[in-house]
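Taking it in order: structure first as structure tokens, then the write-up.
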Amino acid sequence: MTPVRLLLVDDEAPNRDMLSRRLERRGFEVGQAASGAEALAALDRERWAAVLLDVQMPAMSGLQVLEKIRERWTQAELPVLMVTARDASEDVVAALELGANDYITKPVDFPVALARLRTQLARRDAEERLRASEERYALAARGANDGLWDWDLGTGEFHYSVRWLTIVGREGDGIGPTLQAWLDLTHEADRDRLQQAFDAHLAGRTPHFESEHRLHHASGAYRWVLARGLAVRGADGTTVRMAGSLSDVTAGKVVDQLTGLPNRMLLHDRLERALGEAGEPVAPCAVLLLDIDGFKLVNDGHGRTHGDDLLRAVARRLDRSLRPGDSISRSSELAADSMVARLGGDEFVVVLHDIADPLDATSVAERLQRVLARPFTIGDREIFVSASVGVAMSGPGATPDDLLRNADTAMHRARLQGRGRIEVFELAMREEMVERLQLDTALRQALANDEFLPHYQPIIDLQHGRLVGFEALMRWRRHDGRLVPPAMFIPTLEANGLIVPVGQRFAAAVCRQLRAWRDTVAAGLPLWVNVNFTTGQLAEPDVLDTLLGAIADAGIRPADFVVEITESSAIGDVARAAETLSRFRDAGLRVVLDDFGTGFSSLSCLGELPIAGIKLDRSFISSDRRHPAILQAVVHLADELGLTVTAEGIETDAQHAQLRGLGCGFAQGYLFARPLDAEAATDLIRRGVRWLPAHPEDAEPTAA
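All residue numbers for the sequence shown refer to the working numbering, where the first residue is 196 and numbers rise by one.
Given below as structure tokens:
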């Protein structure tokens, strides 16, 4: 243990030597000075715990030395004990007034002197510990970036630290030293809850005080804060004091943690301020709600990590792409300006200020769509996305919820129209939304009641005119007997996710029907069925296992079941589609590419996807503007690649004859038969009808 160092100042050597020896025997380290000048020099050179200073000295008296000491050190920092004659009371008074800590009389009563010295040293040590503790506390408070508050329940007075006031932008003006000043700054919706939290802790119903609420910032915005505290109670249990901290948690409350963009809460706050009082906009504004088409396929197919990476990339691209003057608000920025925010999932909102014309808002939406259409590189994959956009314009009486709901309604209308569409909200859409909600309810009931059934359109071998299979098309027979076409309900099934369970039941029913035909009217016939699979169905991890289970339960072969996928669903992520379809092929299933000729990357799909054939879209066949050589080239290319070609939408004898002459393998269309229910399809198989191009000598189809 380091000995305590004392400086003994006395002009008489015998006095110094005697007192020094006795102090050293008690464990002190003693330094000596024979004059005031020597004492001050020693204090400049070294650090001392205390000074024993004789009053009566030549040249510079002890009182003069004391004055110099107190110019540099406080009583707590350097205790000074004056040594004076027993009857020199005036010197004692003067010394105490100049800042002496205590005094010792001559001749020195050593036990008394030692006790007084130890008392001053103990006080010095205690004050040093207190000062160090206060410094640590102040440093910790600054490091935590928290505001501090202290409430004296006896006087009712509140103390708010500078950091507390800074959080609400009032460090210059300050606020009243009362609890009411805090409550006055609290958002009206949170005020009662804050008061109740204080009351509950003061009454002893909660072990500590904690409240998350909004405080009004001097800028006009609100900051989210987390207040914590603890009451101090007297011996009788009465609360005498309460103190705690205040943390600014705005960033965590209003910023989307994945993308760093404002979240729904901050978006709502900005819209409130933009709309002004009573829904009257400060300036006209537009809300664009963007939904990433097919995001679920990316999330389910590649995993959530890739999905999150894609959302971050979309956010960055939107961030950089707003028109000049649009600022992207982040974390603690408080200015009301145009912004992009993330609502959650794959939905983003862009708020545009000073826009009154829907055409201007649509122009911005189109530009953002073009920006998002460029490929994203996620990991080692290139992913293409598009966005459906709903636009809502501000108007008299509009609220933030109104604008967001209207934009959402328009966005859903855009999705129903197809991928990558833009719709501007109109009042009629609200009625459509109500109808869609009713449709959603009806579809859920239809699933429970098993009201979805297959109709079958024949697929014909063009070269021989024979029936070789059917495309199973979904129909909805409502409880009142009405038959609903797929265009009226399939988009809703896809949007609400019911397409997966409905599709599973539908595929199982088709497999059972094929088994029934094999057991009765189609024994020995090479008959197969085609079933359409949507992007959502293919994204299900167990889609193949479920399908193979239905095939096995029905007792048919995988080769008897043909999976149809649309070209548009394949080109969104060709690599992922190839991986999924390879599993289908390896399991013995055939896959054909439907609607060929309507997308952007048809030829690349033919080379990269493990498909068995293509189906030419009806527009490819019926278009008068398409040169016949193009159709011939596609048929020839497919043949070279070992792919079957099925032409859809055949309605005339001329089309029939042309396709047969080009060597197209298969066809379907109204010329042969409309979609048939199971009973009519069974009769068609039984009759063995053949279809050949009409000739003078053979004008009608003949039975085999």
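Note that beta-carbon positions come from the ideal geometry of N, C-alpha and C, so glycine has one too. Predicted, not measured: the structure shown is a model, and the values here were computed from it.
Cutoff 8 angstroms; reference residue i; Cβ partners in own chain excluding five residues on either side
i	result
Arg813	Glu843, Gly844 and Gly864
Arg710	Ala749, Gly750 and Ile751
Glu846	Ser817, Gly864, Tyr865 and Leu866
Ile880	Leu662, Trp712, Val716, Ala717, Leu720 and Leu722
Gln390	Leu378
Val307	Ile299
Phe728	Gly698, Val738, Val758, Glu759 and Ile760
Cβ-based neighbour list, residue i, same chain, cut-off 6 angstroms, excluding 5 preceding and 5 following
i	result
Thr841	Lys810 and Phe861
Trp243	Arg200 and Leu202
Ala508	Phe571
Asp872	His650
Pro274	Ala245, Asn296, Gln315 and Arg319
Glu352	Pro372
Arg771	Gly496
Glu577	Pro570
Whole-Å CB distance - residue i paired with residue j, under 8 angstroms assumed
i	j	result
Asn601	Arg537	Not confirmed; about 19 angstroms, so no contact.
Ala667	Val724	5 angstroms
Met437	Val444	That pair is no contact at about 21 angstroms.
Val535	Leu456	6 angstroms
Asp488	Ala582	6 angstroms
Phe490	Gly502	7 angstroms
Thr594	Leu470	7 angstroms
Arg331	Leu343	About 14 angstroms; that fails the 8 angstroms criterion.
Leu291	Glu262	At roughly 13 angstroms, the Cβ-Cβ gap does not stay under 8 angstroms, so Leu291 and Glu262 are not in contact.
Local Cβ density within 10 Å of residue i, reported as buried at 16 or more and exposed below that
i	result
Met683	exposed
Pro891	For Pro891, the predicted structure reports a pLDDT of 40, less than 50, and the residue's modelled location is therefore unreliable. A value from the coordinates is still provided. Counting Cβ neighbours within 10 Å, Pro891 comes out exposed, since fewer than 16 surround it.
Pro402	exposed
Pro253	exposed
Gly783	exposed
Gly188	In the structure displayed, the chain extends from 196 to 899; residue 188 sits before or after that span and is not available.
His674	exposed
Arg785	buried
Ala734	buried
Val825	For clarity, residue 825 is Ile in the given sequence; the question names Val instead. Per the 10 Å Cβ criterion, exposed.
Arg610	buried
Ala295	buried
Gln917	Because the chain is modelled from 196 through 899, residue 917 falls outside the range shown and cannot be assessed.
Leu634	buried
Gln850	buried
Val250	buried
Glu542	buried
Asn691	exposed
Ala531	A caution first: Ala531 carries a pLDDT of 39, below 50, which makes its placement in the model too unreliable to give a value.
Ala395	exposed
Gly424	buried
Arg326	exposed
Asn340	exposed
Thr433	exposed
Gln732	buried
Cβ-heavy atom distance, residue i to the ligand FMN, below 7 angstroms
i	result
Gln658	In terms of ligand content, the structure shown is empty, and the ligand FMN therefore cannot be addressed.
Neighbourhood of residue i by C-beta distance below 7 angstroms, restricted to the same chain and skipping five residues each side
i	result
Cys859	Leu657, Val830, Val840 and Ala842
Leu642	Leu693, Pro696 and Val697
Leu742	Ala702
Gly222	Pro198
Phe620	Gly585, Val586, Ala587, Asn601, Ala602, Thr604 and Ala605
Ala833	Ile809 and Val840
Val705	Pro649, Ala667, Val724 and Val726
Thr730	Gly489, Leu492 and Ser764
Leu836	Leu801
Ala560	Leu483, Val584, Val586 and Ile617
Thr687	Arg631, Leu634, Asp635 and Leu638
Tell me, please, whether the stretch 538-554 touches the stretch 477-486 by the rule of three or more beta-carbon pairs shorter than 8 angstroms.
yes
Curious, which full-length alpha helix (DSSP H) runs of at least 4 residues does the stretch 252-286 contain?
257-267
Report yes or no: do three or more beta-carbon pairs, one from the stretch 565-572 and one from the stretch 507-514, lie closer than 8 angstroms?
yes
Counting Cβ pairs, one atom from each stretch, are 3 or more of them under 8 angstroms apart for the stretch 294-311 and the stretch 265-285?
yes
Using 8 angstroms as the Cβ pair cut-off and three pairs as the minimum, do the stretch 651-665 and the stretch 880-887 touch?
yes
Could you tell me which whole beta strand (DSSP E) segments of length 3 or greater appear in the stretch 443-528?
480-488
Given 8 angstroms, three or more beta-carbon pairs between the stretch 669-688 and the stretch 644-654:
yes
How about the stretch 304-313 and the stretch 358-371: do they share at least three Cβ pairs that are nearer than 8 angstroms?
no
Please give the ranges of any alpha helix (DSSP H) in the stretch 347-425, keeping only runs that are unbroken, at least 4 residues long and fully inside the region.
357-362, 374-380 and 383-397
Please confirm if the stretch 460-473 is in contact with the stretch 370-383, defined as three or more CB-CB distances below 8 angstroms between the two stretches.
no
Please give the ranges of any beta strand (DSSP E) in the stretch 598-635, keeping only runs that are unbroken, at least 3 residues long and fully inside the region.
617-619
Just list the beta strand (DSSP E) runs in the stretch 549-580, keeping only unbroken ones of 3 residues or longer that don't cross its boundaries, in chain order.
571-573 and 576-578
Ranges of the beta strand (DSSP E) found wholly within the stretch 748-794, counting only runs of at least 3
756-761 and 785-791
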